[in-house]
Structure formats: structure tokens, C-alpha cells
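Participant: For the record, the sequence lines run as chains A and B. Residues 11 to 650 (this note's numbering) make up the first sequence, in order. Residues 11 to 650 (this note's numbering) make up the second sequence, in order. Quick one: the structure is below, questions incoming.
There are 2 protein chains.
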Amino acid sequence: MPLGDRAGDKSESRYCGVETEFDDDVPQLLLSNLSSAGFDFVVAPLMDPSYRPSLMRKENGGSAVLPFAGSDLVLSPAQWSSHVVGKISSWIDLDSEDEILRIDSETTLKQEIAWASHLSLQACLLPAPKGTSYANYARCVHQILQGLNNMQLWLRIPLVKVDEDSTDVNSDNLVDSWDLWNSFRLLCEHHSQLSTAIDVLSTLPSPNALGRWFGESCFLTNSRGYPCLSKRHQKLITGLFNHSIQVVLSGKPLHNVSKGSADLPTGLNKNSSDGAQSHPLRCYLDYIAFLYQRMDPLPEQERIELGYRDFLQAPLQPLMDNLESQTYETFEKDAVKYIQYQRAIVKALKDRVADENASSITTVLMVVGAGRGPLVRAALQAGEETGRKLKVYAVEKNPNAVVTLHSLVKMEGWERIVTIISCDMRHWDASEQADILVSELLGSFGDNELSPECLDGAQRFLKQDGISIPSSYTSFIQPITASKLYNDVKAHKDVSHFETAYVVKLHNVARLSPPQPVFTFTHPNWTPDGSNQRYQKLAFEIPNDTGAALVHGFAGYFDATLYGDVHLGIEPSTATPNMFSWFAIFFPLRTPICVRPGSPLEVHFWRCCSSHKVWYEWCVTSPSQSPLHNCNGRSYWVGL
Amino acid sequence: MPLGDRAGDKSESRYCGVETEFDDDVPQLLLSNLSSAGFDFVVAPLMDPSYRPSLMRKENGGSAVLPFAGSDLVLSPAQWSSHVVGKISSWIDLDSEDEILRIDSETTLKQEIAWASHLSLQACLLPAPKGTSYANYARCVHQILQGLNNMQLWLRIPLVKVDEDSTDVNSDNLVDSWDLWNSFRLLCEHHSQLSTAIDVLSTLPSPNALGRWFGESCFLTNSRGYPCLSKRHQKLITGLFNHSIQVVLSGKPLHNVSKGSADLPTGLNKNSSDGAQSHPLRCYLDYIAFLYQRMDPLPEQERIELGYRDFLQAPLQPLMDNLESQTYETFEKDAVKYIQYQRAIVKALKDRVADENASSITTVLMVVGAGRGPLVRAALQAGEETGRKLKVYAVEKNPNAVVTLHSLVKMEGWERIVTIISCDMRHWDASEQADILVSELLGSFGDNELSPECLDGAQRFLKQDGISIPSSYTSFIQPITASKLYNDVKAHKDVSHFETAYVVKLHNVARLSPPQPVFTFTHPNWTPDGSNQRYQKLAFEIPNDTGAALVHGFAGYFDATLYGDVHLGIEPSTATPNMFSWFAIFFPLRTPICVRPGSPLEVHFWRCCSSHKVWYEWCVTSPSQSPLHNCNGRSYWVGL
């Protein structure tokens, strides 16, 4: 019974499981926890907890049947796979000093996973590593992952609060939870079937430290202490709901809540357990459902973009390739963007022509890269709004878009004002000079679709005192943890995909430090020899209370000044609301870099140009050295 | 004129160059430095040092000829390539805050390298990075390396003494030389055409810090302060001679040494400059030649093994493949090894049979894996030496070797003592039990040719109180810097070569910490269920005065106790002298790991077994996490 329904949300977050003790009678276990109590699945031990391979060999000479909970016949295959998550014996300790325990643990782990595979379970929950050393545990899990079917392994990680100021002698044993998880998965080569189940305890680490988990695929277990959770616990859980986690309840009830008790928060659906035999954790489930149902519905925009979350796309190459009609169609729908352009043109027209000259002076406005005409429309509306007279040139290199432009002009009756030029702006031999040059050539990283090179070419027909809209733009980057993106890049098994930038709707990522500006371009640019090559060195600080973090790469954004105070952009702190034309860009790192607070992350970005292409190179030089990425644009470039 | 001749040494060390100032007249430059002065090559600037691209563009509008030293026609192509190393303008600074200087530097660097390539020079000397930031310099060199012909680039690195105790405010600017080189080459992805030219100054870092350079391919420049050098300078230079470096002399003479001066060390060949016009650095050249000639000649063993230095070989698979006659031939020549075996058998025979029983008791000795008979011979000689009566079984699975065994026995008249069994020792159904089992199944890493599995099979026909020779063996590892080996592995461009162990004559490597024991096996092994799986965790400390070091992987060795106090092995501190049957083994790391003194290097090794194969897995968990290498033996294994 899902926690509730949110419009458009198809994530796994709607489901809630419960952790159970070992029970030989699995059908009864399901009956008491699912059907009557309302949980969606159980996390149940598969093997009698008293089992030890070494004892069994001694007692039975190795011929006995393994003490599994039931046979595969007690449930249907569909029931096993949709209602049971296997809980691996929690006594196992593969890094014990005791060799017999170590070998028993390895044997048992392999037997239980093999059994779970045989049952086609969707996942098994691995117990948390026992100490600070877990190399042998990780090695064994890595071995198992090599031959595993589709089953997922969830490594249980207790969410421990580490006191940074602690200089306690015992603090050697306090491992930061995220460090533990990070080392374990590095040993397992970021295997995509290994994820984490975080154990939420009564105390919580700092918000920044918790933020790192948003870059992981994770599951939430063991939420103790309901009802009610502290504000911070509530915030963590709704935050994780937004990142598609599933909740598993665990432990014994701490509260003796009778039905309809005054302890229950207002708004909690008190009728949900009516008529059913009361499960000891039922009121906790109701509380989780309450938290879920209380969340704001997904905004329309988010709902549309759900399918794009964390999905890597190659950036457009609008100079080399002609856009398709469908692509124009999509981008033209971004009303917010064209409203900003219209506002900018209005201000430029007013600055250009004083009110008293409005009827006598005609402003020459050229839209370079007119596409199917949205900026032409914005310009004409700005002219109307201000009462300024306009002569508009619409320059477009894509002959297919020019066809649409012609019919638009005819349909709207703009023939006397608008002249259509079917030509690449870099090569057009204009018959007059423009007062205002309007373009929409910006990519997610600002200059990455070669706006600088195009506008340098186009400014030949701009008057010396003419205006370019946009008048400037700046790119930004910030370091992020992004396990899924990293794994998707790695799946290609080559270097070149690690040296490519991707357009992506960032979702399951942790943003580790505020974005910083990288390259700025200003138009028009009348300086002689003005080069569009750039080099920028940046130093990011990871906040002290974050703890160590893994950097998988950099999220890139842009912000553009269209004209005066009218801007447009996707840099998170200043992003234009409700605009959907741009996702962020992602620059990956070939090897993720672990950064600790106090040691700055030093990053270098270059924008390089040759006669036929433009590309970026990047590297990290601190805290450790990365190789130089995309040398000579060997893997990723934009054609001129 | 080479420095001298050492028997068998074909290394580049015999040649010595001299660094010169810019001179437009290259033929004259060669004449005065080579022919008459005795140097083998010059390191000469290629471009007028006053050249700046930005100034030239201003003055000439960009149409002037670049101010190179001479045209390609002033020397023959062979002269250019064998006598001139290009010295890149030392004013260049690609990481300057001054953008004009930065861009001028990049342009000049590219022009000079392009010119040197055009001349087919063997190498160019790149100036040392100017400050602590050199990412742009490295990026530009990396770009150049992508399109370079066979020319080498030598990055000049001053050998700076860093005081570890210094808490000076200025110490921020003191970069450890090796750190500098290491970061630079990491940015350049360990490119094989980039090596280093170390500038030896008047003070020297600690011996351990210097030791790191033995793991690099490097060139030595700028040896100032002759004659005479301090003992430590002398030791460094002869140490580097042994690692095939070339010397370049540089700077102005500090000593006014007249011919035959009493200042010259005894033994220096005072006649070498007779009849030639004296070059200002001539006496320094003579001194270097003196140091070279004074070195001990290469030992015979070293001379034989010269061709194997740092050459990666796949380990033998003697169980799966039959050895070739040539291989037996080579190994049988190792007299030292068989002397050790004979000594061990002598001791065992004496312990087994008291003197008074010598004539009455016959000892049953089985050679398992007899090959072409060298251990049979050692056993019979031991019998003769001790007066003990022997019955020898020679068990051998390779039918081709058995042919040789038969003719050996016939030739030597051993028919009444030696019985030949053509069978795999693991499957032989023996008619009697042995007193002594002798085998030579050890690989470079001890158990890596599956001696444990073979002897476990063979001990079925060993008496309960019988003796195995060897009675035990232990493997050892130590972390090493090994640039060449790493590059050779990397050249395969796949993961599996990084997950393979190689047999290799280690030469240009830096051994960073003493070897530590890994796995031990003892024979016979009567414990039930005795498994040959092993797991060992090791922690290595890098000495404080080494500074940071890069670990490319682990050198592996073994030491075996044949019997009593007779041992055999290649672990460096206890290695059996003059034995050549085993080179070391090398376990690479997929990504080199930088280790600083004070943070231990934690390494895990596993020996894993399945029914058909045995393999190793390994990983590093501190100071940073490596992936697990060779999971499930996917890349490298030994067949049973």
C-alpha cells in the first residue's frame, strides 16, 4: 500500500518496507507485515542466524541441508521478487582477526546471496562493516558482483555523527559514514548494482555532511524514534523522498500509541489502520505516509523534466548541424526567455531613440540566428510597446528554418518591416549597419555553442556605437558528487567519454561548493587581436562541516546580461525562474577526486581555439593531480 | 668522445654534453665544443633569447623570419640529430600573471619545438617551471607531446634541498623537486617521451629523497662545482651512471685549473686534453670521465642480464604448459641453486639415518617435478657425500623431459638406483612411501607456480614423519617507483595488463620501504581442511627524509627454507648470491598512488583458489583507495 500519490511522481519513494526477525514461515511473515499491516515489502533474514558453516561441517559431516527460511516453493516467484528483500546475516564479519569467523562469514555471505539470486529477489541488504577495516568484505562483495544477475546489493551504513572538534583518543574508531561508503565502493570499482542503505539514528550529522548523500543512489532504513521526528529528521527524510529513496522501518516500537491518541500529529490519517490487526510499527508507517503526503506537489516544470533527470545528452552543435523542426518547436515554447529578450530590447530601443524622436528615427535591428522567428516577434512587440520605428533583418543560415520564416512573415503581414537573409552571419555582406544586434546563441556553458565566434563575425555590420543583446555572458562551474553520472560515463569504457561535456538535468547530485565564474565574453568586442582563448584557475573550498567528499566532475552554468539590468541564466543562485531552455552542463573527471575540508580543490579550465574548432581542456591540480582532460580537443570539440 | 668503456655496458651513460649560450654560428659552436674539446653533444638554444612574438608582430607586422640559430642547411641532418640537443628559451613562463608574457611563452615554445622537430633533433631541454603553479605549462607540453615525432622532451628540474623541519614563512615557495616533476608528468599522463633533466646544485637532498630518482628515466645537467665533488655528489653521480643517465656540463668554470695542476685528483687522465685548444669546462669533463672510468666493472651476472633490465615477462605456467628444452637448459646452469639443494639433502639424510645405520637403511627419496634431472643428480651426490644408501624416484609429468631423463640415467649408469615415473605427481599411485620429497616448484613469488597445490597432492606418498625439501617458503612485497614499467603496462591500453603480475629484472626502480612477508606455506601440511587461500594486510612506512613518493606497484620476492638452516631466495636483504633462476615479480597498480611520509601505505593481498585456477587479488586502502585488482582472477591466474 503506497504511502500516497504525487502527481507525475513515478519514483520508488512511495513504497515503505519493514525489517523483520528470522522467521521460518515466510508466508505468515508476509501476511502479518504486508496484507494486514500495510507495508509494501519485508526486509527479512534468509538464513537461520545460529548457522555457522564450520559448526555444521563438524556436526553433520557437511551433508545437511542449509537452514534457509522456507524453500522457493512457499511463495510464488512474483511474491519473492516484489515483497521480499533479503537481509544477509548480521553476524558476518569478513575482516575479523579470528580466521574461522572470517572464513565462515565469507562462506555464509556467498551462500545467502546465491540463494537470494535463485529466488530472483530484487535486492539484498548487506550488514554494515563491523570495524574500520573492511577490505576483505569489499573484495568478497566485488567478487560476488562480477557474477550477479540483476539483483541489487544495498550496503547498510549507519549515519554516524562525527564531531569534527573531537580529539578524543577513541575517535580513531569513529569513521565518517560517508567515508566508509566511499572507500567501500571505490574498492568495488563503483559497481552500479551496489548502493547504500543509510541507517538513520537518533542523532544526525551536519546538514552539509548529509548533503553528500544526495549525490548517491541510496535507500533509507531503520528510522527509529517516531512519532514525532525532529525538524531536522523530517527535513532529511523529505529531502531524500525527493531523491527517490525507499524507507524501511526497523526496530521495536518506542511509543505506546493507541489508536486516535493525542500524540499523533494533526493531519495524520487516523483511519488508515481501521479494521486491521494492529502491527507494532503501524503508527510509524502512518507517520511516514503523513510526511510523504504532506510534501508539496511536484511543480509542472519538474514533472515535464522528470524523464530527463540525470540523463546525459551530447550538447547541440548548432553551427555544424542544422536544428530540426522539433527542436525549434521545443525551445520556442520557453515564454520566460522571450519575455526577458523583449524587456531587453525595450530598454535598448528607449536608450537608442529618445521619446521625441520616436516617429522620425528608424532603428535597424538585426536578429542573427533568427531560427523560425521568435526573436523577430519579440523585437516587433518591443517596437510596438515603445512606439519606436523598426527595420528588422532576420539572418538565418539554416535554409529549412528560412522556409518557415517566410511563411511567418507573410502570415503576420510583416513584409514591409522584416527582411529575411538566408546566410551564415559570419559571411553575410550586409548592405547597411545595424543599431541593435540580437542573438540567442548561448549554450548551457554560455560560450559553448560558439556565440563569441559568431558575434565576432557579425559585429562587422554593427555600428561602432551599436548594441549587442546579449551584451555579455559568463560561465560558472561548481564541483559535484554524481555517482550515477559517473557510472553512466564509465559504462562506455573509454577515455573519450570522460573528456566530453554533457548537457544534463542534474538531480541526484551533491553540490559541494558555490559556483564560481570561469570565462566572460563581452559584445561588441572592438579590441584588435581580441582572442577568444581563455584560461582560468579556480580554488573551491569544501565547508568544514561537510567532511570528505568525492568529486566526480563539475556542473557548468551560465549567466548572461541581455541589456542593462535584464539578465538571463541558469547559475543556481541567480537563475531565471521557470525557464526550461537550458539544463546544466557536466564536465566529468576520469578518476573521482576525494577532497577534504581545509585542502582547497584547485581546478583549471581552458577554452582553446583553432581554425576549425573550439574546445575545452580541464584538470585538477590540488589536492591531487588529475591528468589533463581533452588535450587538443581529441575527444570533444565544437566545430566552427 | 665517450667517457670510457665498461665491458658489456651499452648504456647512454658514456656520453657527456655541454650546455652553451646562444650562438648564431652552429657549426663553429660544434667545432669549439665537440671536436676539439671532447664533448659528445651540445645543449644549445635554438632561438635568439631577445625574441618575443608580441614585439616582433608590432615591429614587423608579423612578416619577418623567426630568429633561429642558423638554418637546417648549416649542418647535415645526422649532425643535427646526433650532436645537438635543443635548449628551449629559458625566459618562457606559461603561468605568468602577465597575460602577454604568458601568450608569448606559449607561442615561442611551440615555434621552437616545431623547429627542433623539423631538424629531427633527438631531444629538447625544457626550462624548469618558474613558480609553484605550472598547470598551463604542463597543458601546453601535453598538447605538444600529442603530435610529436620521436623527439624526447627533458624537463629541467633543479635538485633542491628541502628542509623538512623548516616552518619558515618562505617555505611555501620551496617545492620538493620530485613533487614538481611528479605533478607535471601526472598532468601529462605519464607520456613516455617526457623525461626529466635534473639540475645538480651545490647542496643535495637526503639520500632517501635522492633514491626516488632511480625509479625515473632521467638526464643529469648542470653539474657545478668540479673539481672535486663532495663524496655525496660523487656517489649520486656514479649511482645515476648505473641507471643509464647522461651528463651535461653547464655554467662557467669556478676553478682556474691549469693543465697538470696539483688540484686534479690522482688517477685523472691528464693527457686527454693534450694537443687540443683548452675548453673552459675541459677539466670538468675529464673529472666526469675519471668518475666513470673509476667505477667497478659490471659483474658477469649483471652483464648477462643487461638485456632483461626492466623488461616485463609473463610468469611461467609450468603446470599448464610443458617447459621447452631451452628453458630447462637455462635453469640447469644455475649451479648455486643446486649446491643449496645438495646441502639441504645432505642435512636431511644425516638427520634421517644415523651414521651407524648408514649401510643398513635405504632412504626413499622422491624428486617430484624432476625435469631433466638436476635434482636427481644433487640427491645422488648428497648420498655419496654422506655415505647414505638411496632409492630415488624421479616423477615428471612432461613426457618430453622424461625422454631426456631416461638417457641421463642410462648415460650415468644410475639404473639400479633411480626409477623414472612419467606421471603428474598429483595423480601418481605410488607403490611405496617416501622418506624425503624434493621439489623445485617455486616461482619468483614463492607459491605463484602452485607449489602448495602440487605438494599437497604429492604428500599422499610421503611418510607421516617424512621431510619435504623445501620445508617452507614465504613471499615478500615492497612498494616501488617504476616509471618505465608503468608506462610499458599502460601501453596496452586495457585494464587486464594492470591486473597481471610480471617477472622482471628490476633496474630503474626506487625501492621505497623494506620488503615485508606476505604468505607462508609449510610442507608437509597434515592439518585437515588445510586451505591454500591466504589473506594478508601490510602497512609500509615511507622514511621521513624521502619526501613524497609515487608507488607504481609492488616488487615481489620469495625466501625458502630448504631444510634446517639451508635457505634459498631472492628477498634483497637475504638473497642467495650469484643465483640467476629468478627475477623479481611486479604487481602493478592501475593508478599510481602518491604516498607521503607519516601516512602509512596500507596494502592487501589475497591468494584465492577455485577448482581450476589460483590467482592473486590486491588493493591499496591507505593513503587512498585503489580499486580491487584482478577480481575473480579475471585478468591473471595460474591454471591447476
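Each residue gets a CB set at the ideal place from its N, CA and C atoms; glycine is no exception.
Helix, strand or coil for residue 25 of chain A, going by three-state DSSP, please let me know.
Facilitator: Reduced to three states, the DSSP call for residue 25 of chain A is coil.
Participant: Does residue 523 of chain A pass the burial test, meaning 16 or more other C-beta atoms within 10 Å, or should it be called exposed?
Facilitator: The residue is buried, with at least 16 neighbouring Cβ atoms inside 10 Å.
Participant: Taking just the CA atoms, how far does residue 85 of chain A sit from residue 129 of chain A?
Facilitator: The alpha-carbon atoms of residue 129 of chain A and residue 85 of chain A are separated by roughly 10 Å.
Participant: Between residue 576 of chain A and the rest of its own chain, which residues show a CB-CB distance below 8 Å, the 5 nearest in sequence each way excluded?
Facilitator: Same-chain partners within the cutoff: 350, 353, 354, 357.
Participant: Quick one: grab the DSSP three-state call for residue 475 of chain B.
Facilitator: Residue state, collapsed to three classes: strand.
Participant: Taking residue 209 of chain B as part of the beta strand (DSSP E), name the residues at either end of that continuous run.
Facilitator: It spans 204-209 - the beta strand (DSSP E) in which residue 209 of chain B sits, taken as one unbroken run.
Participant: Please report the Cβ distance between residue 53 of chain A and residue 97 of chain A, rounded to the nearest whole angstrom; I am assuming they are in contact, meaning their Cβ atoms lie under 8 Å.
Facilitator: That belief holds up - the Cβ atoms of residue 53 of chain A and residue 97 of chain A are roughly 5 Å apart, short of 8 Å.
Participant: Measure from the C-beta of residue 149 of chain B to each C-beta in chain A and report whether the shortest distance is under 7 Å.
Facilitator: For residue 149 of chain B, the answer is yes, since a Cβ of chain A falls inside 7 Å of its Cβ.
Participant: Is there at least one Cβ from chain B nearer than 7 Å to residue 507 of chain A's Cβ?
Facilitator: Cβ-Cβ to chain B under 7 Å: no for residue 507 of chain A.
Participant: Identify the continuous alpha helix (DSSP H) that holds residue 343 of chain A and give its terminal residues.
Facilitator: Run containing residue 343 of chain A: none; DSSP gives neither H nor E here.
Participant: What residues from the region 436-447 of chain B come within 9 Å of chain A, judged by C-beta to C-beta, listed N to C?
Facilitator: So nothing in the stretch comes that close.
Participant: State the DSSP-derived secondary structure class of residue 601 of chain A, mapped to helix, strand or coil.
Facilitator: Strand, per DSSP.
Participant: In the DSSP assignment, find the unbroken beta strand (DSSP E) run with residue 544 of chain A in it and report its ends.
Facilitator: First-last of the beta strand (DSSP E) with residue 544 of chain A: 544-550.
Participant: Which residues in the same chain have their Cβ closer than 7 Å to the Cβ of residue 301 of chain B, if we skip the five residues on either side of it in sequence?
Facilitator: Within the same chain, residue 301 of chain B has close Cβ partners 244, 247, 248.
Participant: Along the chain, where does the alpha helix (DSSP H) that runs through residue 61 of chain B open and close?
Facilitator: Unbroken run through residue 61 of chain B: none, as it is neither H nor E.
Participant: Could you spell out the range, first to last residue, of the alpha helix (DSSP H) harbouring residue 114 of chain A?
Facilitator: Element bounds for residue 114 of chain A: 109-128.
Participant: Identify whether residue 556 of chain A lies in helix, strand or coil by the three-state DSSP scheme.
Facilitator: In this structure, residue 556 of chain A counts as helix in the three-state DSSP scheme.
Participant: Using a Cβ cut-off of 7 Å (strictly closer), state whether residue 408 of chain B contacts chain A.
Facilitator: Taking Cβ atoms only, chain A never reaches closer than 7 Å to residue 408 of chain B, which makes this a no.
Participant: Roughly how many whole angstroms lie between the Cα atoms of residue 400 of chain A and residue 542 of chain A?
Facilitator: If I take the Cα positions, the gap works out to 32 Å.
Participant: Kindly indicate the opening and closing residues of the alpha helix (DSSP H) around residue 318 of chain B.
Facilitator: Here residue 318 of chain B belongs to no alpha helix (DSSP H), and DSSP marks it neither H nor E.
Participant: Nearest chain A C-beta to residue 199 of chain B closer than 7 Å, yes or no?
Facilitator: Closer than 7 Å to some Cβ of chain A, the Cβ of residue 199 of chain B qualifies, so yes.
Participant: Does the beta-carbon of residue 367 of chain B have 16 or more other beta-carbons within 10 angstroms, so that it is buried, or is it exposed?
Facilitator: With fewer than 16 Cβ atoms within 10 Å of its Cβ, residue 367 of chain B is classed as exposed.
Participant: Can you check whether the CB of residue 163 of chain A is closer than 7 Å to the CB of residue 136 of chain A?
Facilitator: Taking 7 Å as the Cβ cut-off, residue 136 of chain A and residue 163 of chain A qualify as a contacting pair.
Participant: May I ask you to verify whether the region 553-560 of chain A touches the region 506-514 of chain A, counting CB pairs closer than 8 Å and requiring at least 3?
Facilitator: In short, these stretches do not touch, since the Cβ pair count stays below three.
Participant: Could you tell me whether the region 112-122 of chain A touches the region 40-52 of chain A, where touching means 3 or more Cβ pairs closer than 8 Å?
Facilitator: Verdict: no, contact absent.
Participant: Classify residue 83 of chain A: buried if its beta carbon has 16 or more other beta carbons within 10 angstroms, exposed otherwise.
Facilitator: Exposed.
Participant: Would you check if there are 3 or more beta carbon pairs closer than 8 Å linking the region 334-345 of chain A to the region 586-603 of chain A?
Facilitator: Touching, per the Cβ criterion.
Participant: Could you check what DSSP says for residue 562 of chain A in three-state terms: helix, strand or coil?
Facilitator: Residue 562 of chain A: strand per DSSP, three-state reduction.
Participant: Taking the CB atoms as reference points, tell me whether residue 638 of chain B and residue 387 of chain A lie closer together than 7 Å.
Facilitator: The answer is no: Cβ separation not under 7 Å.
Participant: Counting only C-beta atoms, is residue 546 of chain A closer than 7 Å to chain B at any point?
Facilitator: With 7 Å as the cut-off, residue 546 of chain A does not count as an interface residue toward chain B.
Participant: List, in order along the chain, the chain A residues whose C-beta lies closer than 8 Å to that of residue 616 of chain B?
Facilitator: Residues of chain A passing the Cβ test: 146, 149.
Participant: Which residue or residues does DSSP assign as beta-bridge partners of residue 54 of chain A?
Facilitator: Partner(s): A:96.
Participant: Within a Cβ cutoff of 7 Å, which residues of the same chain sit near residue 125 of chain A, ignoring the five residues on either side of it in sequence?
Facilitator: Contacts found: 56, 78.
Participant: From the beta carbon of residue 619 of chain B, is the nearest beta carbon of chain A less than 7 Å away?
Facilitator: It does not: the Cβ of residue 619 of chain B has no partner Cβ on chain A nearer than 7 Å.
Participant: Please tell me whether residue 629 of chain A has its Cβ less than 7 Å away from any Cβ of chain B.
Facilitator: Chain B, which has a Cβ nearer than 7 Å to the Cβ of residue 629 of chain A, makes this yes.
Participant: Closest to residue 452 of chain B by C-alpha separation, out of B:465, B:446, B:444, would be which residue?
Facilitator: Here the closest residue by C-alpha is B:465.
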